[in-house]
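These protein sequence lines map, in sequence, to chains U and L.
Offset between the first sequence (1-based) and my numbering: plus 186.
Offset between the second sequence (1-based) and my numbering: plus 214.
C-beta atoms are modelled at their ideal positions from N, C-alpha and C, and glycine is treated no differently.
In this text the structure is predicted, and so the values were computed from the model without any measurement.
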Amino acid sequence: MSHYYDTHDLARFSEIGAHCPELSEKFFAWYQAVFRPGALTSREKALIALGVAHAIQCPYCIDAYSKSALEHGADVEQMTESVHVAAAIRGGASLVHGLQMRNQTDKLSM
Amino acid sequence: MSAPRSLPQPSPRARLDADAQRSILRHLPLAHRFSAALERAGVAPLCARGIEVLQLNLGKLCNQTCRHCHVDAGPARTEVMTRDTMQQCLSVLDASGAATVDLTGGAPELNPEFRWLLERLAERRVHVIDRCNLTVLETGAHRDLPELFAQHRVEVVCSLPHYRSYATDRQRGEGVFEKSIRALRRLNALGYGDGRSGLRLALVTNPVGAFLPASQEQLEREWKGKLLADHGVVFDSLYTITNMPISRYLEWLLESENLQGYMDELVAAFNPAAARGVMCRSTLSVGWDGQLYDCDFNQMLELPLRGGLPRHVRDFDAQALAQREIGVDDHCFGCTAGAGSSCGGALA
Numbered sequence: 187m188s189h190y191y192d193t194h195d196l197a198r199f200s201e202i203g204a205h206c207p208e209l210s211e212k213f214f215a216w217y218q219a220v221f222r223p224g225a226l227t228s229r230e231k232a233l234i235a236l237g238v239a240h241a242i243q244c245p246y247c248i249d250a251y252s253k254s255a256l257e258h259g260a261d262v263e264q265m266t267e268s269v270h271v272a273a274a275i276r277g278g279a280s281l282v283h284g285l286q287m288r289n290q291t292d293k294l295s296m
Numbered sequence: 215m216s217a218p219r220s221l222p223q224p225s226p227r228a229r230l231d232a233d234a235q236r237s238i239l240r241h242l243p244l245a246h247r248f249s250a251a252l253e254r255a256g257v258a259p260l261c262a263r264g265i266e267v268l269q270l271n272l273g274k275l276c277n278q279t280c281r282h283c284h285v286d287a288g289p290a291r292t293e294v295m296t297r298d299t300m301q302q303c304l305s306v307l308d309a310s311g312a313a314t315v316d317l318t319g320g321a322p323e324l325n326p327e328f329r330w331l332l333e334r335l336a337e338r339r340v341h342v343i344d345r346c347n348l349t350v351l352e353t354g355a356h357r358d359l360p361e362l363f364a365q366h367r368v369e370v371v372c373s374l375p376h377y378r379s380y381a382t383d384r385q386r387g388e389g390v391f392e393k394s395i396r397a398l399r400r401l402n403a404l405g406y407g408d409g410r411s412g413l414r415l416a417l418v419t420n421p422v423g424a425f426l427p428a429s430q431e432q433l434e435r436e437w438k439g440k441l442l443a444d445h446g447v448v449f450d451s452l453y454t455i456t457n458m459p460i461s462r463y464l465e466w467l468l469e470s471e472n473l474q475g476y477m478d479e480l481v482a483a484f485n486p487a488a489a490r491g492v493m494c495r496s497t498l499s500v501g502w503d504g505q506l507y508d509c510d511f512n513q514m515l516e517l518p519l520r521g522g523l524p525r526h527v528r529d530f531d532a533q534a535l536a537q538r539e540i541g542v543d544d545h546c547f548g549c550t551a552g553a554g555s556s557c558g559g560a561l562a
């Protein structure tokens, strides 16, 4: 294998059930239910998914939810804001751990 | 990291002729062909159920050069319908009993005989739709057209890719959004789109890229709110239209390496309900030169009516054409994907 990620594998997602069909059936049924419109619209869910895709840095998810967001009528400005939300939470999560560092430092220091 | 792509420049003529386009689509590996999808859905053979709409393509001349245009229209095109051909179309209209005449192009308003045709149609009291790119209403000699449309109660169906300038100008050229808003305000001032005057104003949006349109109902609500709040513009309906994989859009799909993925998506999203409602079942399309087609897309792919049927307005035969079997090919997946697509928007 010359690279780790292959675009074509996204379309093969369902094959993940090959050696464990009972669990994958439960997963895909739940997955589909999650993305049905509910208290949140389909577009809002697609934009959340896009932000999470960037937070977990999953190329498949970024491809899938960029398209999904567009197909639900989102535009590139909304999608970019979604990425910034993900980045802010990631950055903020690092920074807030600075307090842990300070607590530990205070404890160890005279 | 790449800089944002610049706004599109006017495209030259499409490089692929109709033969080449059909060949590319026919040789593309697909899960199954359109004819097989129709068979499975129990809709084959696809047959017309009358001629309710006569769609006249008044020519390929246009003041814009949009990146997705399936007509390959532009300012340099010279093909326009003559008054003689229009006369033949009027005879066809009288013989067919069609209640609606749908004027398209190019920019139909740029046909030198456009006003003459509008007067003749008004005498016949048929419902007339003008497919307008909006910016033509902002050009010198055509600035009075909104008043003429209102006088003849013409329904105006306008192209506007997005309620913000970014996506609109990317697809249609720099400055198009601003001009379009000015034209919409002038139509509104005459009563178009207010829901009370009976002067119908519809907007048409198609995706700016290789993806399917969003829910028409959802977008219409959103567009109405945004255009009113941001620009004081009102309209009656929003039609979402799927981009057809032909002409300039096909070339863009090829160049951007999106063709296979886009076609796979259209095939996977085939909707039997949309297939049963496709517009070709109730529409007859007439080219600028009087040739007859099942739809505007078959016209651009130069797919003639099936053998034995009349192929020109001069040979019109209402009975044979009203029940004709429709010629289909793989581009037809564009009309049957998801909620479906037609000149009047979603189908299912």
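Would you identify the three-state DSSP class for Asp-249 of chain U, choosing helix, strand or coil? helix
Chain-order list of residues whose beta-carbon lies under 6 Å from that of Pro-223 of chain U (same chain, five-residue window excluded): none
If you draw a straight line from the C-alpha of Ala-309 of chain L to the C-alpha of Leu-324 of chain L, how long is it? 27 Å
How is Ser-200 of chain U classed by DSSP in three states: helix, strand or coil? helix
Alpha helix (DSSP H) segment containing Asp-572 of chain L, residue limits: Because chain L here runs from 215 to 562, residue 572 of chain L falls outside it and cannot be looked at.
If distances are taken between C-alpha atoms only, which option among L:Asp-344, L:Ala-255, L:Asp-358, L:Ala-560 comes closest to Ala-428 of chain L? L:Ala-560
Distance cutoff 8 Å, beta carbons only. Does Ala-381 of chain L sit that close to anything in chain U? yes
In whole angstroms, what is the alpha-carbon distance linking Ala-245 of chain L and Glu-479 of chain L? 10 Å
To the nearest angstrom, how far is the alpha carbon of Gly-558 of chain L from that of Ala-416 of chain L? 9 Å
With 16 other Cβ atoms within 10 Å as the buried cut-off, status of Ala-424 of chain L: buried
Classification of Asn-347 of chain L by the beta-carbon crowding that lies within 10 angstroms, buried from 16 upward: buried
Within the continuous alpha helix (DSSP H) that includes Ala-260 of chain U, where are the two ends? Element bounds for Ala-260 of chain U: n/a, residue is neither H nor E.
What alpha helix (DSSP H) runs, 4 residues minimum, are completely inside the stretch 416-490 of chain L? 430-445, 461-469, 473-482, 486-490
Sort L:Asn-420, L:Gln-278, L:Leu-332 by Cα distance to Thr-353 of chain L and report the nearest one. L:Gln-278
Start-to-end residues for the alpha helix (DSSP H) that takes in Cys-557 of chain L: Careful: Cys-557 of chain L lies outside any alpha helix (DSSP H) and carries neither H nor E.
Just to confirm my understanding: we take Tyr-463 of chain L, look at its own chain, exclude 5 residues before and 5 after, and list those with CB closer than 6 Å. What are they? His-282, Asn-457
Of all the CB atoms in chain U, is at least one closer than 8 Å to the CB of Arg-378 of chain L? yes
By how many angstroms is the C-alpha of Val-267 of chain L removed from the C-alpha of Ile-343 of chain L? 10 Å
Where does Phe-511 of chain L land, buried or exposed, given buried means 16+ other C-beta within 10 angstroms? buried
Hey, is Gly-259 of chain U's beta-carbon within less than 8 Å of any beta-carbon in chain B? In the structure shown, chain B does not exist; the protein chains are U and L.
Listing by chain order, which chain L residues have their CB less than 7 Å from the CB of Lys-231 of chain U? Going along chain L, no residue has its Cβ under 7 Å from Lys-231 of chain U, so there is no contact; the nearest lies around 13 Å.
Residues near His-341 of chain L in its chain [Cβ-Cβ closer than 8 Å; skip 5 each side]: Ala-313, Thr-314, Val-315, Glu-369
With a threshold of 8 Å, are at least 3 pairs of Cβ atoms found where one atom belongs to the stretch 391-403 of chain L and the other to the stretch 366-380 of chain L? yes
Can you tell me whether Cys-280 of chain L is buried or exposed? The criterion is at least 16 other CB atoms within 10 Å of its CB, across all chains shown. buried
Using beta carbons (cut-off 8 Å, strictly below), is Lys-293 of chain U in contact with chain L? no
For the structure I just gave you, are there three or more beta carbon pairs, one from the stretch 251-263 of chain L and one from the stretch 286-294 of chain L, closer than 8 Å? no
Where Gly-475 of chain L and Ser-254 of chain U are concerned, what is the direct C-alpha to C-alpha distance, given to the nearest angstrom? 14 Å
Taking 8 Å as the CB-CB cut-off, is Gln-212 of chain U touching chain L? A small fix is needed here, since residue 212 of chain U is Lys in this sequence, not Gln. For Lys-212 of chain U, the answer is no, since every Cβ of chain L falls outside 8 Å of its Cβ.
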